[in-house]
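> Just so you know, we're using this note's numbering here: the sequence shown kicks off at 5 and counts up by one. Where is the CB? At the ideal position from N, CA and C, for every residue including glycine. I have a structure here, written as structure tokens, and I will follow up with some questions on it.
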Amino acid sequence: MSNPEADIELRNRSLDGAEHRPGSRTTIQIKMNSNDMVDPSSGESPSKPGGRGLAFWAIFASLSVTALLSSMEGGIMSTALPAISRAVDAESSYIWIVNVYFLTSAAVQPLYGQLADIWGRRWPMLSSVVIFAVGSAICGAANDAATLIGGRTIQGLGAAGINTLVEIILCDLLPLRERGQFMGFLFLFIVVGSVLGPLLGGIIVDKASWRWVFYLNLPICGLCLALLFFSLKLKHRTDDNSTPLEKLKKIDFVGLLLLCASVTSLLYALTYGGGAKYAWFHPVIIATLILGVVGHGLFVAFEASPWCPHPAVPISLFQNRTSVAAYVLEAVQILVSYGALYFLPLYFQSTVLVTPSRSGVLLLPFSILFCVSAAVGGGLVTSMGKFRMVHIASFALMTVMMGVFTLLNRNTHLAVSVVLGIIAGISVGLPNASILTAVQAALPDSLNAASTGAFAFIRSISTVFAITIPAAIFNSRFDGLLSSSNLDTGIKASLALGQAYQQASPDFVHSFPDAAQDQIITLYELSLQRVWQVLIALAGVGVIASLIEKDLECRAQQSTDEFGLKEDEPNQKPEKVGA
Numbered sequence: 005m006s007n008p009e010a011d012i013e014l015r016n017r018s019l020d021g022a023e024h025r026p027g028s029r030t031t032i033q034i035k036m037n038s039n040d041m042v043d044p045s046s047g048e049s050p051s052k053p054g055g056r057g058l059a060f061w062a063i064f065a066s067l068s069v070t071a072l073l074s075s076m077e078g079g080i081m082s083t084a085l086p087a088i089s090r091a092v093d094a095e096s097s098y099i100w101i102v103n104v105y106f107l108t109s110a111a112v113q114p115l116y117g118q119l120a121d122i123w124g125r126r127w128p129m130l131s132s133v134v135i136f137a138v139g140s141a142i143c144g145a146a147n148d149a150a151t152l153i154g155g156r157t158i159q160g161l162g163a164a165g166i167n168t169l170v171e172i173i174l175c176d177l178l179p180l181r182e183r184g185q186f187m188g189f190l191f192l193f194i195v196v197g198s199v200l201g202p203l204l205g206g207i208i209v210d211k212a213s214w215r216w217v218f219y220l221n222l223p224i225c226g227l228c229l230a231l232l233f234f235s236l237k238l239k240h241r242t243d244d245n246s247t248p249l250e251k252l253k254k255i256d257f258v259g260l261l262l263l264c265a266s267v268t269s270l271l272y273a274l275t276y277g278g279g280a281k282y283a284w285f286h287p288v289i290i291a292t293l294i295l296g297v298v299g300h301g302l303f304v305a306f307e308a309s310p311w312c313p314h315p316a317v318p319i320s321l322f323q324n325r326t327s328v329a330a331y332v333l334e335a336v337q338i339l340v341s342y343g344a345l346y347f348l349p350l351y352f353q354s355t356v357l358v359t360p361s362r363s364g365v366l367l368l369p370f371s372i373l374f375c376v377s378a379a380v381g382g383g384l385v386t387s388m389g390k391f392r393m394v395h396i397a398s399f400a401l402m403t404v405m406m407g408v409f410t411l412l413n414r415n416t417h418l419a420v421s422v423v424l425g426i427i428a429g430i431s432v433g434l435p436n437a438s439i440l441t442a443v444q445a446a447l448p449d450s451l452n453a454a455s456t457g458a459f460a461f462i463r464s465i466s467t468v469f470a471i472t473i474p475a476a477i478f479n480s481r482f483d484g485l486l487s488s489s490n491l492d493t494g495i496k497a498s499l500a501l502g503q504a505y506q507q508a509s510p511d512f513v514h515s516f517p518d519a520a521q522d523q524i525i526t527l528y529e530l531s532l533q534r535v536w537q538v539l540i541a542l543a544g545v546g547v548i549a550s551l552i553e554k555d556l557e558c559r560a561q562q563s564t565d566e567f568g569l570k571e572d573e574p575n576q577k578p579e580k581v582g583a
């Protein structure tokens, strides 16, 4: 079996006009004029964004608005959930109003990679927006928790397609070297949506009916559909004469069912274990953890087996060290960035004892630098044509900053905490827009859809685990320290079994005598310290993974023209090179 990384390097050399030795196993097709080629190793800059046509910018604007829609929905529930849960009498099932959205979104993202390869990019993208709108309408009309959860499930199915296909289409339109730069621009829209979501959720719940949290999506979906319908004029494979039934048979339904069941089992264990509903060693938690791990193993085995002729996640994606390392980097980057995003406010409120609104202000520099550095990091990779040094520097700084966070305590000056947050924001943001570039650097562009689907799945499932895993670690550490403390029984009861996170506020701490306050703050300090220690280890894994990456050149031209703008269809027939 040929080495994909070596194939990519040979492909680049062939495109540069280097002599092609007879007997080479690499066969490529040149589908552009030789005088249009750019040598990625020559230091020549790729085409400037300003040189792109109106069709490209129309598509990019449409994709940006659509991505903003999806990201806004992901954050709007953070402030609206309590009111919505009360309105539909969700009780203990409230957590699934949030989790089912992320679960379905994660589980079916590889499916959209397959759909995009079978039916092209345009119709799966438009269908995703329609599905999202239908789910939003069901949620808005819901009168009970079951209907709301069903609507959120449908919303998640639509969001999965939106999130995956936005990146797939960008990868089709852009050569590898330019993807990081435009992914950075796109990320700014995603962050705007993530920031607007909680703000809009709070305003809607305060000033109008909670149903408008969902109904608001309908006119935005209409705008997205109109923009996409008229701008998304993309090429589609014309060599596939399969019937619709034959195309359906190419979808990996068995693999996707295994994946969905495995993710659900793990998420259930992490959601309800550690005292939230069951102890970690309760038979239910042990069983669901085992089922989740075994299920993922079966999924991998099935994808690699002859019984799966059309895998949703081809094993070829993981047969080179650079792509594998980059997938690991994405998981680490998500886990560390979300860990900091959720636990820095907890530090401000439980240890420094500032109000929730002020903690949001103190976190703002972290969030802003996270966004800006993502765009800067993508631009650096586009400028240099390489990504490895950006990743090494970013994850090394990330590791250092998580280590520095272990020193935070009640006596740390707020200005120092903010500066540390700024540096941490830079460290987690810099690699954000270029990790997918690293995944695809060692793969041909014909695998863009599959590699992006797998990447989106890893990102989504890491996002879910990035919230549940640090929370489980924090709660476990806090409960252990609490049981050995000499605090009053009533105080212990109010903090035990996962309640410490939700009780983290200056009002709660100040409601006790000074001696008890001191002990409670100490418990928070030590529990937060354990979270930072775990994040140090995770960031360290990122350093190792970035060192494992090969220092590959980013291609300045596409290696396939199966997909892309219709206007870019070449007049020249493909010329086959190589034997």
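For Leu178, which of helix, strand or coil comes out of DSSP?
Leu178: coil per DSSP, three-state reduction.
> Around the Cβ of Asp483, are there at least 16 other Cβ atoms within 10 angstroms (buried) or fewer (exposed)?
Flag for Asp483 reads buried.
> Taking the runs of the beta strand (DSSP E) that are 3 residues or longer, which of them lie wholly in the stretch 158-220?
Runs of the beta strand (DSSP E) inside the stretch 158-220: none found.
> Enumerate in chain order the residues of its own chain whose CB-to-CB distance from Gly381 is below 8 Å, with the five nearest sequence positions on each side excluded.
These residues qualify, in order along the chain: Gly184, Gly188, Val394, Ser398, Gly433, Leu434, Pro435, Asn436, Ala437, Ser438.
> To the nearest angstrom, how far is the alpha carbon of Leu192 from that of Pro517?
For Leu192 and Pro517, the distance between alpha carbons rounds to 46 Å.
> Among residues of its own chain, excluding the 5 on either side of Leu270, which ones have a beta-carbon nearer than 6 Å to its beta-carbon?
The residues are Gly296.
> Looking at C-alpha atoms only, which residue of Gly383, Ala150, Ser132 is the closest neighbour of Val92?
It is Ala150 whose Cα lies nearest to the Cα of Val92.
> Would Leu401 and Ser431 be called neighbours here (beta carbons separated by less than 8 Å)?
Yes. Within cutoff.
> Sorted by chain position, which residues of the same chain lie with C-beta nearer than 7 Å to Phe303's C-beta, five sequence neighbours on each side aside?
Within the same chain, Phe303 has close Cβ partners Gly259, Leu262, Leu263, Ser266.
> How many Å lie between Gly598 and Trp216 at the Cα?
Since the first and last residues shown for the chain are 5 and 583, residue 598 lies out of range.
> Is Ile63 buried or exposed, if buried means 16 or more other CB atoms sit within 10 Å of its CB?
Ile63 comes out buried.
> Report yes or no: do the stretch 145-164 and the stretch 96-112 share at least 3 C-beta pairs separated by less than 8 Å?
Segments in contact, yes.
> Specify the secondary structure class of Leu67 as computed by DSSP and reduced to three states.
Of the three classes helix, strand and coil, the one that applies to Leu67 here is helix, per DSSP.
> Tell me, please, which residues DSSP counts as bridged to Leu238.
According to DSSP, which records beta bridges pairwise, Leu238 is partnered with Leu569.
> In the DSSP assignment, the alpha helix (DSSP H) including Phe306 goes from what residue to what residue?
That run of the alpha helix (DSSP H) goes 287-308.
> Give the DSSP-derived three-state secondary structure of Gly57 in the structure shown.
Note: Gly57 maps to coil in three-state DSSP.
> Less than 8 Å between the beta carbons of Ser75 and Leu232, yes or no?
Cβ distance not < 8 Å, so Ser75 and Leu232 don't count as in contact.
> Check whether the Cβ atoms of Thr326 and Leu556 lie closer than 8 Å to each other.
In contact: Thr326 and Leu556 (Cβ atoms closer than 8 Å).
> Would you call Thr247 buried or exposed, if buried means 16 or more other Cβ atoms sit within 10 Å of its Cβ?
With fewer than 16 Cβ atoms within 10 Å of its Cβ, Thr247 is classed as exposed.
> Given a cut-off of 8 Å on the beta-carbon distance, is the pair Gly205 and Ala84 in contact?
Yes, the pair counts as a contact, with Cβ atoms nearer than the cut-off.
> So does Gly201 have its beta carbon nearer than 7 Å to some heavy atom of the ligand GDP?
With respect to the ligand GDP, the structure offers nothing, as it holds no ligand at all.
> Figure out for me which residue from Gly299, Ala520, Thr403, Ala504 has the closest Cα to the Cα of Ser489.
For Ser489, the nearest C-alpha among the options comes from Ala520.
> Can you tell me the Cα-Cα spacing of Lys570 and Ile289, whole angstroms?
So the two alpha carbons sit approximately 52 Å from each other.
> If we count the other Cβ atoms within 10 Å of its Cβ and call it buried at 16 or more, is Arg481 buried or exposed?
Buried: at least 16 other Cβ atoms inside 10 Å.
> I need the straight-line Cα distance from Tyr505 to Ile477, nearest angstrom please.
Answer to the nearest angstrom: the Cα atoms are 11 Å apart.
> Measure the C-alpha to C-alpha separation of Leu339 and Ser371 and round it to an integer number of angstroms.
Near 15 Å, if we compare the C-alpha coordinates of Ser371 and Leu339.
> What are the boundary residues of the alpha helix (DSSP H) that Leu412 is part of?
Segment: none, Leu412 is in no alpha helix (DSSP H) and carries neither H nor E.
> Using the three-state DSSP reduction, which class does Thr441 fall into: helix, strand or coil?
Thr441: helix per DSSP, three-state reduction.
> Which residue comes first and which comes last in the alpha helix (DSSP H) that contains Val336?
325-354 is the extent of the alpha helix (DSSP H) around Val336.
> Across the stretch 166-173 and the stretch 448-457, are there enough close Cβ pairs to call them in contact, namely three or more that are closer than 8 Å?
The stretch 166-173 vs the stretch 448-457: in contact.
> What distance in whole Å lies between the Cβ atoms of Cys558 and Lys390, which are believed to be in contact at a cut-off of 8 Å?
Sure, about 7 Å apart at Cβ, within 8 Å.
> Under DSSP, the alpha helix (DSSP H) around Gly277 begins and ends at which residues?
Gly277 -> no alpha helix (DSSP H), and no H or E assigned at all.
> If we call anything under 8 Å between Cβ atoms a contact, is Ile540 one with Thr355?
No, these two residues do not count as a Cβ contact at 8 Å.
> Kindly indicate which three-state DSSP category Lys554 falls into: helix, strand or coil?
Lys554 falls in the coil class under three-state DSSP.
> Threshold first: 4 residues or longer. Then list the alpha helix (DSSP H) segments lying entirely within the stretch 415-480, N to C.
Correct list: 418-433, 439-445.
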